[in-house]
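Engineer: Dumping the structure here so I can ask a few things about it.
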Amino acid sequence: MEDIMRIGRVYKRFKNTVWIEVKKAKFEKLLKELKSFDARISSISGYDNGNIIEIIYHFDVNGKLINVKLRVEKDVYVINSITKLFPGAELFERELMEMFGIEIKNHPDPRNLFLDERLSPKNPLRKKIGDNNVR
Amino acid sequence: MIIMSGKSLKRCYSLPIGPQHPAFPEAENLEVKVDGETIVDVVVNVGYLHRGIEKAMEERNYIRSLYLSERICGICNFVHTTTYCSLVENLLDIEIPERAMYIRTIALELERLQSHMLWAGIAGYELGFDTLFHYIWRDREFILDAIELLGGKRVNYGLNTIGGVRRDMSEDVKNKIGKILKYIEKRFKYYIKVFTTDITILRRTEGIGILEKKDAIKYCIVGPTARASGVDYDIRRIDPYMAYNMVDFNIITDNGCDIQARVKVRLLEALESISIIKQCLKDIKKGDIRIKVPFIVPENEAISRSEAPRGEIVYYGRSNGTDKPERIKIRTPTYINLLSIKPMLVDENLADLPIIVMSIDPCFSCTDRITIIDVKSGKREILGEQEFRKRVDGKNDY
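Here the protein sequences come in this chain order: A and B.
Okay, so the first sequence: first residue is 105 according to this note's numbering, each after it adds one.
Okay, so the second sequence: first residue is 245 according to this note's numbering, each after it adds one.
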């Protein structure tokens, strides 16, 4: 378990959760380490933070939550799908693609999950001028 | 159309089921490819209840978002509000009083009881056993009476707030809930006998809709669906919250992997819930029921989860120093359990489809869109309401 903490940088610990920030180059290595501990993917969340989008992978290792944060530049960087190692992540990645407009390679079924292609707005969870706290 | 299945080419017919279908109480769309009466492939389309709740929560302050999270689901609304309140309490880093934890636990277990009873009745209805459906729903009314005594309403409890609960539980309410539970326990033992020994139910549920343990682990399935395939995982035991580390209870698992195993797991879990409520009613002590919390939440990031009647609910949240949340992400249990429909349905009979899909206890909702599949060309077209009316009626003055 300590090897996982060393690959990324632990920036917060709270009760039963650990929050790790990891660089893109070391992300694959971290995934393989987590798979060797029989981790289960619990959820994948996204957040629009100005020029970058933060993607947080929530893994569950025997009851302890390990949250891995990855920062991705908007419309520049293309990330790999994790469905080869964790097949349960299929629906979460579809939702990320349609809500934030992130491009994910090697996904087995890259169509919209909730939104309609013609009638719904595009990328609704990105921040636009006129939203709550955006000037 | 012709598709590859196994080693042979099969000539199949594509059958869209839903979103409006008399066999399902809620709306979902399954594109089922059948060869005679055997199902060969299935694709699940969701999105019929997408209301944009996560975006709406960013524009409402924390109390109004609490009321919005209560309306996500009608059957499991208390666990949504409990997880939301735990999330905000983690963002603020405060502890709620012990009496509030016990009252929340009692309401959570009452909700699990009524949800499993609702499911058992609908399972009886899908099997064609209407009498069982009516008997179980009659007895469910007593649990809704108990919930009304505790919270004031039958469906959306309105009991939770950030920092505790809003209504206290008097001695009179405690005694009445105890009497209701005695009657419900007797009835549950009778229903367990019916579901596990009646010959027709056994013929329709044993050996059907199999989800093996390796598939349950591979697709990250949660809840009683996974526990019926031998995966021993329950948030109340592994990551205890509220008063669950102060009571004794068993986690029910079964190695059957079929529909009969899921029936047994849910009904035996309901008996454990009754025992948890009785222990809580005995152990609860006097004290405060809520503490005051500030309106402004400092910048922070947190996560909280609970065990709903259908599985694990996860709320991830972020705050930004104002009185409105910055981002809240909700993951409900049916979201991930959708991946288990395909392994369960392939190579089964078409007539068993309603009971197999209901056995994962799905919790979708509905909108007003229609999918038309042109079988010859395989093209899918989605029409809005106006276009559909134009095609059907030939009028365009709506």
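Even glycine gets a Cβ: it sits at the ideal position worked out from N, Cα and C.
Using a Cβ-Cβ cut-off of 8 Å (strictly less than) and excluding sequence neighbours within five positions of S621 (chain B), which residues of its own chain qualify?
Structural biologist: In this prediction, S621 (chain B) scores a pLDDT of 45, lower than 50, which makes its location untrustworthy; no coordinate-derived value is stated.
Engineer: With a threshold of 8 Å on Cβ separation, who are the neighbours of E137 (chain A) within its own chain once the five nearest residues in sequence on each side are excluded?
Structural biologist: Excluding residues within five positions, the ones whose Cβ falls inside 8 Å are D107, I108, I111.
Engineer: Specify the secondary structure class of D641 (chain B) as computed by DSSP and reduced to three states.
Structural biologist: Note on D641 (chain B): pLDDT 46, under 50, position unreliable in the model; the coordinate value appears next. Coil.
Engineer: Buried or exposed: which applies to T441 (chain B), given that a residue is buried once 16 or more other Cβ atoms fall within 10 Å of its Cβ?
Structural biologist: Exposed: under 16 other Cβ atoms inside 10 Å.
Engineer: In chain A, what lies closer than 8 Å to G296 (chain B) by C-beta?
Structural biologist: Result: P228.
Engineer: Check the Cβ-Cβ distances between C610 (chain B) and every residue of chain A, and say whether any is below 9 Å.
Structural biologist: Below a pLDDT of 50, predicted positions are generally treated as unreliable, and C610 (chain B), at 31, falls in that range; the measurement from the model is reported next regardless. Not closer than 9 Å to any Cβ of chain A, the Cβ of C610 (chain B) fails to qualify, so no.
Engineer: Within 8 Å, do at least three Cβ pairs link the segment 588-608 of chain B to the segment 326-344 of chain B?
Structural biologist: Touching, no, given that fewer than three Cβ pairs across the two stretches are closer than 8 Å.
Engineer: First and last residue of the beta strand (DSSP E) that includes G365 (chain B)?
Structural biologist: Premise fails: G365 (chain B) lies in the alpha helix (DSSP H), 342-370, not in any beta strand (DSSP E).
Engineer: Only counting the same chain, and skipping five residues up and downstream in sequence, which positions put a Cβ closer than 6 Å to that of K568 (chain B)?
Structural biologist: Same-chain partners within the cutoff: N305.
Engineer: Touch check for the segment 401-410 of chain B and the segment 362-370 of chain B: three-plus C-beta pairs under 8 Å?
Structural biologist: They do not touch, by the three-pair rule.
Engineer: When burial is assigned at 16 or more other CB atoms within 10 Å of the CB, is G531 (chain B) buried or exposed?
Structural biologist: The residue is exposed, with fewer than 16 neighbouring Cβ atoms inside 10 Å.
Engineer: Per the contact definition of three or more C-beta pairs closer than 8 Å, is the segment 500-510 of chain B in contact with the segment 462-475 of chain B?
Structural biologist: Flag = yes, the segment 462-475 of chain B and the segment 500-510 of chain B touch.
Engineer: What's the call for Q358 (chain B), buried or exposed, on a 16-neighbour Cβ count within 10 Å?
Structural biologist: So Q358 (chain B) ends up on the buried side.
Engineer: Please state the DSSP three-state secondary structure of D595 (chain B).
Structural biologist: What sits at residue 595 (chain B) in the sequence shown is Ala, not Asp. A595 (chain B) falls in the helix class under three-state DSSP.
Engineer: Could I get the ranges of all uninterrupted alpha helix (DSSP H) runs contained in the segment 151-212 of chain A, with 4 residues as the minimum, in chain order?
Structural biologist: Entirely contained in the segment 151-212 of chain A, the alpha helix (DSSP H) runs reaching 4 residues are, in chain order, 194-204.
Engineer: With distances taken from CA atoms, which of B:P553, B:F539, B:N400, B:G561 is nearest P577 (chain B)?
Structural biologist: Among B:P553, B:F539, B:N400, B:G561, the Cα nearest to that of P577 (chain B) belongs to B:P553.
Engineer: From the beta carbon of D483 (chain B), is the nearest beta carbon of chain D less than 9 Å away?
Structural biologist: Among the protein chains of the structure shown, namely A and B, there is no chain D.
Engineer: Please confirm if E137 (chain A) has its CB atom under 9 Å from at least one CB of chain B.
Structural biologist: Chain B, which has no Cβ nearer than 9 Å to the Cβ of E137 (chain A), makes this no.
Engineer: Between the C-alpha atoms of P260 (chain B) and D416 (chain B), what's the straight-line distance to the nearest angstrom?
Structural biologist: So the alpha carbons of these two residues sit roughly 53 Å apart.
Engineer: Could you run through the segment 561-583 of chain B and flag, in chain order, every residue whose CB is less than 8 Å away from some CB of chain A?
Structural biologist: Those residues of the segment 561-583 of chain B that come within reach of chain A (Cβ to Cβ, closer than 8 Å) are R562, N564, T566, K568, E570, R571, K573, R575, Y579, I580, L582, L583.
Engineer: For the segment 180-198 of chain A, enumerate the residues whose C-beta is nearer than 9 Å to any C-beta of chain B, in chain order.
Structural biologist: Taking 9 Å as the Cβ-Cβ cut-off against chain B, the residues of the segment 180-198 of chain A that qualify are F190, P191, G192, A193, E194, L195, F196.
Engineer: Please list the residues of the segment 533-553 of chain B that have a C-beta atom closer than 8 Å to any C-beta atom in chain A, keeping them in chain order.
Structural biologist: Here the close residues are E545, A546, I547, R549.
Engineer: Just list the beta strand (DSSP E) runs in the segment 464-495 of chain B, keeping only unbroken ones of 3 residues or longer that don't cross its boundaries, in chain order.
Structural biologist: For the segment 464-495 of chain B, not a single whole beta strand (DSSP E) run of length 3 or above is found.
Engineer: Tell me, please, which residues DSSP counts as bridged to D279 (chain B).
Structural biologist: Per DSSP, B:T282.
Engineer: I160 (chain A) versus chain B: which residues are under 8 Å apart at the beta carbon?
Structural biologist: Those within 8 Å of I160 (chain A) in chain B are Y560.
Engineer: Starting from F118 (chain A), trace the beta strand (DSSP E) in both directions and tell me its first and last residue.
Structural biologist: Start and end: 113-118.
Engineer: Within 9 Å (strictly less), CB to CB, does I124 (chain A) reach chain B?
Structural biologist: By this cut-off, I124 (chain A) is not an interface position.
Engineer: Anyone know if the C-beta pair for T375 (chain B) and R348 (chain B) falls short of 9 Å?
Structural biologist: No.
Engineer: Determine whether the beta carbon atoms of L589 (chain B) and V290 (chain B) lie at a separation below 9 Å.
Structural biologist: No, these two residues do not count as a Cβ contact at 9 Å.
Engineer: Could you say which of B:S309, B:D383, B:S584 lies nearest to N404 (chain B) if we only look at CA atoms?
Structural biologist: The shortest Cα separation from N404 (chain B) among B:S309, B:D383, B:S584 belongs to B:S309.
Engineer: Quick one: what's got a C-beta closer than 6 Å to S330 (chain B)'s C-beta in the same chain, skipping five residues either side?
Structural biologist: Cβ neighbours of S330 (chain B) beyond the five flanking positions: S548.
Engineer: Spatial neighbours of C645 (chain B) within its chain, please: CB distance less than 7 Å, with the 5 preceding and 5 following residues excluded, ordered by chain position.
Structural biologist: Any answer about residue 645 (chain B) is impossible in this case: the structure gives chain B only from 245 up to 642.
Engineer: Quick one: is P225 (chain A) buried, meaning 16 or more other Cβ sit within 10 Å of its Cβ, or exposed?
Structural biologist: Classification of P225 (chain A): exposed, given that the 10 Å Cβ count is below 16.
Engineer: May I ask you to check if the CB of S185 (chain A) is nearer than 8 Å to at least one heavy atom of the ligand GDP?
Structural biologist: The ligand GDP is absent from the structure shown, which contains no ligand whatsoever.
Engineer: Name the chain B residues that come within less than 7 Å of S149 (chain A), Cβ to Cβ?
Structural biologist: Correct list: Y560, K573.
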